[in-house]
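Step one of this worksheet: look at the structure below.
In my numbering, the protein residues as written are 7 to 391.
The following block contains the structure:
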């Protein structure tokens, strides 16, 4: 792979400079990063208007770098969302066949989580849901179809469910009968929840030779899982055999919370129980470890608790930025869930402090902004996400 040149080179310099400035609290260097951003943006726009250069992988690299820059600099609330949307449109425009070989395949794998996140925030369906985008990019590198890939494919459905729900609400406001739309959405959501549960069961079976996670007692002197009075929030925390396992469990719990919220606004608060009814007992692994496996009567509080107990492991110094990026979106969903079910104020304050600490230690300022809860006066709590 050739070194970055042109717009990709300037965008990479912009990203690296901003990261250095944020980590060292250097205002002057951050101003230099801002200047580089002002230089890179028109260069990227020129590349996108060029019928040949718009398909070059260097252009995609530049778009991804500027998206990451916005998560560090956080110049405005929608900056990174707009960049992620532009990156999403660029990937879609390139088509699935252009992402079969490296370096394009690697860039596509990295872009997937940002495309999903942007679609979920905007409540828009993403092209990643389609069959061609779930198969063609992997035809030459099937080994990259990991358990996490399978989980991300299920997570993609969350934004589509949100889009369908918004469309249903607009139709209802216009006096249109939405009974059939409502039933179709409930059926689709139930199907995706069943897929998610099957993924979790299969993941448990696949890791049977070695436990995915184990428990450690909370040490107030070293663990971040303590409140402002240095009192542990839980008796123990969860550590994993590797960061990939931790990231997969965090995304699984995040997706389960999103599906449960959507089901609740549709009037089905027991979507997990309903999905489990179609699964014979022999398909369910025994619950013999510290992690929760889907079961009847599973409560939102239990899912939130498990997510919170993974914080200590994700934020180990050895995991650096990867641990932060794996945890940021799940903790955002976790915090919203706490407000929806009126979780303990002590845990809410702790979770916000964790997000602030993540911003301070990783340089990604977006983590600090994830503390903001969009509940306005007169707005129903169930509409938060």
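All C-beta atoms in this analysis are idealised placements derived from N, C-alpha and C, irrespective of residue type, glycine included. Keep in mind that this is a model prediction, so the values were computed, not measured.
Item	Value
Please state the DSSP three-state secondary structure of residue 214.	coil
Buried or exposed for residue 81, please, with buried defined as at least 16 other CB atoms from any protein chain shown within 10 angstroms of its CB.	exposed
Please give the ranges of any beta strand (DSSP E) in the region 26-99, keeping only runs that are unbroken, at least 3 residues long and fully inside the region.	none
Should residue 170 go down as buried or exposed, given a rule of 16 or more other Cβ atoms within 10 Å for buried?	buried
Is residue 177 helix, strand or coil when you go by DSSP?	helix
Report the rounded CA-to-CA distance for residue 390 versus residue 346, giving the unit in angstroms.	Confidence at residue 390 is low in this model, with a pLDDT of 44, below 50, so the placement of that residue is unreliable and no value is reported for it.
According to DSSP, simplified to helix, strand and coil, what is residue 243?	strand
Taking the alpha carbon of residue 256 as the point to measure from, which residue in 107, 206, 51 has its own alpha carbon closest?	206
Can you say whether residue 241 is buried or exposed, counting buried as having 16 or more other CB atoms within 10 angstroms of its CB?	exposed
Take the Cβ of residue 246 as the centre, count every other Cβ of all protein chains shown within 10 Å, and call the residue buried at 16 or more, exposed below.	buried
Suppose you measure from the CA of residue 198 to the CA of residue 66; what does that come to, to the nearest Å?	31 Å
Return the CA-CA distance between residue 166 and residue 76, expressed in angstroms with no decimal places.	25 Å
With a Cβ-Cβ cutoff of 8 Å, do residue 344 and residue 310 count as a contact?	yes
If I follow the unbroken alpha helix (DSSP H) through residue 370, where does it start and stop?	Per DSSP, residue 370 belongs to no alpha helix (DSSP H) and is neither H nor E.
Is the separation between the beta-carbon of residue 379 and that of residue 341 shorter than 8 Å?	yes
Which residues in the same chain have their Cβ closer than 6 Å to the Cβ of residue 184, if we skip the five residues on either side of it in sequence?	174, 177, 178
Return the residue from the list 100, 24, 15 that minimises the CA-CA distance to residue 58.	100
Three or more C-beta pairs under 8 Å: does that hold for the region 232-241 against the region 131-150?	no
In this structure, does DSSP put residue 221 in helix, strand or coil?	strand
Thinking C-beta only, is residue 23 closer than 8 Å to residue 39?	yes
How close, in whole Å, do the beta carbons of residue 121 and residue 87 come, if the pair is a contact with beta carbons under 8 Å?	Wrong, their Cβ atoms sit about 11 Å apart, outside the cutoff.
Using three-state DSSP, classify residue 330 as helix, strand or coil.	helix
May I ask which residues mark the beginning and end of the alpha helix (DSSP H) holding residue 114?	110-128
Going by alpha carbons, who is nearest to residue 107 out of 94, 283, 150?	150
So what's residue 379 in DSSP terms, helix, strand or just coil?	coil
Considering just the uninterrupted stretch of the alpha helix (DSSP H) at residue 324, what are its terminal residues?	Per DSSP, residue 324 belongs to no alpha helix (DSSP H) and is neither H nor E.
Around the Cβ of residue 117, are there at least 16 other Cβ atoms within 10 angstroms (buried) or fewer (exposed)?	buried
By how many angstroms is the C-alpha of residue 91 removed from the C-alpha of residue 186?	31 Å
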